[in-house]
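Residue numbers (the numbering used here): 264 to 514. The beta-carbon is built from N, C-alpha and C at its ideal position, and this holds for glycine as well.
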Ligand code: HEM
């Protein structure tokens, strides 16, 4: 089933009978498949709640204002070469002792973690990260990496001189989300449900002139950070990292 209406998406994402499609539990220890079986993102019920609490506690120790300033300063220092900046800043804030090449390991590990597909590159990258940090910090880095960089990339495509960075990011999240869909399994029927976030964020019942890119809308009830039982726990952190990079780049 494909969901394209905002109200229906909110209902599914708030209903515990819809769960993330289960992941395999028999991956060899230390592999991306094994990591997927350990994390909040792919678990359900009490296990999900407990794992999520641990992440929220870790996130509560991070100040989005500091992340923003560090991302701005690092982007400027690097002369605008911003790739890897959000992950380096987040890693440092989480106390992960990153070397120069380790944001590449986050990118490689994230590919295997998010897709579940095996590759020698992802296996080596997950092993490397496990030598540097615990599972909660790794989860935050892997969840955040690609979505935050994609948000920055898309916001830059939409940027106009003099734009307010926060307004630009909010409208980019609504109209051109870095994450296009999220999936659930209906535990009653076994059917898979795909929530089309692009369509829901352009639902004419909720957003006036939905196809118009308009940063002046300010905050909108877009679903790009999810909703209900398991929304993104880090929207403030993601926005701070992206805003800091944009401030380091835009005149
Ligand atoms: C623009 C950037 C980001 C977007 C659009 C985004 C979006 C999302 C969405 C939609 C979900 C829920 C997925 C679902 O429906 O099952 C999610 C989950 C999650 N996100 Fe983000 N995210 C972003 C950045 C980040 C960052 C920077 C972090 C870490 C600091 C992070 C950490 C997480 C975690 C840990 C989860 C799993 C939550 C759980 O298991 O309950 N995200 N994110």
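Next on the checklist: I need the straight-line Cα distance from residue 414 to residue 283, nearest angstrom please.
Outcome noted: 23 Å
Item to check | Residues near residue 279 in its chain [Cβ-Cβ closer than 7 Å; skip 5 each side] | outcome: 492
Next on the checklist: If I follow the unbroken beta strand (DSSP E) through residue 415, where does it start and stop?
Outcome noted: It is not in any beta strand (DSSP E) - residue 415 instead sits in the alpha helix (DSSP H) that spans 398 to 421.
Next on the checklist: Determine whether the beta carbon atoms of residue 304 and residue 366 lie at a separation below 8 Å.
Outcome noted: no
Checklist entry - Quick one: Cα of residue 425 to Cα of residue 294, how far? => result Approximately 46 Å, taken between the alpha carbons.
Next on the checklist: Among 357, 379, 431 and 273, whose alpha-carbon lies nearest the alpha-carbon of residue 329?
Outcome noted: 357
Next on the checklist: Is the beta carbon of residue 481 closer than 8 Å to that of residue 532?
Outcome noted: The structure shown does not extend to residue 532, since the chain spans only 264 to 514, so no value can be given for it.
Checklist entry - Among all the DSSP beta bridges, which residues are the ones paired with residue 445? => result The beta-bridge partner set that DSSP reports for residue 445 consists of 458.
Checklist entry - Helix or strand or just coil, what does DSSP make of residue 265? => result Strand.
Checklist entry - If you follow the alpha helix (DSSP H) that residue 352 is part of, which residue opens it and which one closes it? => result 348 to 356
Checklist entry - For residue 439, does the count of other Cβ atoms within 10 angstroms reach 16, so buried, or fall short, so exposed? => result buried
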